[in-house]
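In my numbering, the protein residues as written are 1 to 333. Have a look at the structure below before the remarks.
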Ligand code: G3H
Ligand code: 13P
Ligand code: ZN
């Protein structure tokens, strides 16, 4: 058993309480490789922003859970080396799908876990979440749960039954499970295609797709039911069109990729939403930088010469999110 406290990591409890009160959100960035982690830590250290490092099932399969855990331990030391005296870094399991995975993460130094029972019938989601909470809390590890299905607006319109989180269920769910934060569904979804073109309008000047708004009315009702309780938004990449354009003009093919507009995330950050998950935007930044270098310098074959600029681009992106979208800069001095 390795406690996250020995690794210099923190759980989400105090961080979320401060964020809800202060009207900002903590960035939760996924990582599965060294360049992403370096960029996340540099951006967080230089802006003094608390940060959540997320490890998904895919990341665990790709890079190995143990290695990722040691990378996070190294990240704390790297942050200190960069002059961040008291780094506030959380190592979080993203979309844990079983009690066993959560338990293994708690035992190996994760400070926070998500148990995602959102696809299960309500009572089974409650039972599984409760079991994970009981175990994790013994070690002061915080637990994120999910209620509602992240289907996105396009499925919401087509579906006979709403996928959004039902505000009438949240008090019962949070009380019965004892979870520390709740991921809700209000129209966001994972990946770079969050809305179908027919769900969007077109900006007459640029011809770009303009997505429909998130269900802020649902968020408001949830906030009313759970005053001050930490809410989480998954699927919150904005899919920056400048990256999509670079990718598409350098041999890539991402037609009609569209994300959540930043002004909507800014609005959400000021509410009880205190954790915003971003993964796809980092993938786009990295891919755009690498594609450009491969086109501009076809003779380049030293990975540092294309992964280095990709890392710089991701750092720029993370800083932008922290300062201009989530407002978490300066909150972990
Ligand atoms: O939840 C989705 C995250 O972006 C992780 O994606 O499972 O491909 O690592 P992944
Ligand atoms: P994006 O695909 O919008 O980046 O969402 C990431 C996420 O929710 C990770 O859990
Ligand atoms: Zn997610």
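Idealized CB from N, CA, C, for every residue including glycine.
- prompt: Terminal residues of the continuous alpha helix (DSSP H) containing residue 296?
  reply: Note, residue 296: alpha helix (DSSP H), 280-296.
- request: Could you say which of 173, 259, 111 and 168 lies nearest to residue 221 if we only look at CA atoms?
  value: 168
query: Can you tell me the Cα-Cα spacing of residue 287 and residue 253, whole angstroms?
result: 11 Å
Between the CA atoms of residue 68 and residue 312 - distance to the nearest angstrom: 21 Å
query: Among all the DSSP beta bridges, which residues are the ones paired with residue 195?
result: DSSP lists no partner for residue 195.
Coil, strand or helix - residue 154 by DSSP: Only weak support exists for where residue 154 lies, its pLDDT of 47 falling under 50; the coordinates are left without a value.
- prompt: Hey, quick one: how far does the alpha helix (DSSP H) through residue 61 stretch, first residue to last?
  reply: 57-63 is the extent of the alpha helix (DSSP H) around residue 61.
- prompt: What's the C-alpha gap between residue 277 and residue 232?
  reply: Each residue's CA atom was taken as its position, placing residue 277 and residue 232 some 8 Å apart.
- request: Report, in whole angstroms, the separation of the C-beta atoms of residue 165 and residue 145, which I expect to be a contact under 8 Å.
  value: Taking 8 Å as the upper bound for CB-CB distance, residue 165 and residue 145 are not in contact here, some 11 Å apart.
task: Identify every run of the alpha helix (DSSP H) within the region 226-250, keeping only runs that are complete inside it and at least 4 residues long; order them along the chain.
output: 241-249
message: According to DSSP, is residue 304 part of a helix, a strand, or is it coil?
response: helix
- request: Tell me, please, which residues DSSP counts as bridged to residue 319.
  value: Answer is none; residue 319 lacks a bridge partner.
- prompt: Does the Cβ-Cβ distance between residue 173 and residue 4 come in under 8 Å?
  reply: no
task: Using beta-carbon positions only, say whether residue 16 and residue 274 come within less than 8 Å of one another.
output: Contact flag set, yes.
field: Reduced DSSP category for residue 166 - H, G, I as helix; E, B as strand; rest coil
entry: Shown here, residue 166 sits in coil according to DSSP, grouped into three states, outside any helix or strand.
- prompt: Cβ of residue 277 within 7 Å of any heavy atom in ligand 3?
  reply: yes
query: Leaving out the 5 sequence neighbours to the left and right, which residues in its chain are closer than 8 Å to residue 157 when beta-carbon positions are compared?
result: At residue 157 the pLDDT is 49, less than 50, meaning the model places this residue with poor confidence; the figure from the coordinates comes in the next sentence. Taking C-beta separations shorter than 8 Å and ignoring five residues to either side along the sequence, the partners of residue 157 in its chain run 199, following chain order.
- request: Report all residues from its chain with a CB closer than 6 Å to the CB of residue 92; omit the five preceding and five following residues, and keep chain order.
  value: 52, 54 and 112.
field: residue 194 vs residue 211 beta-carbon contact at 8 Å
entry: yes
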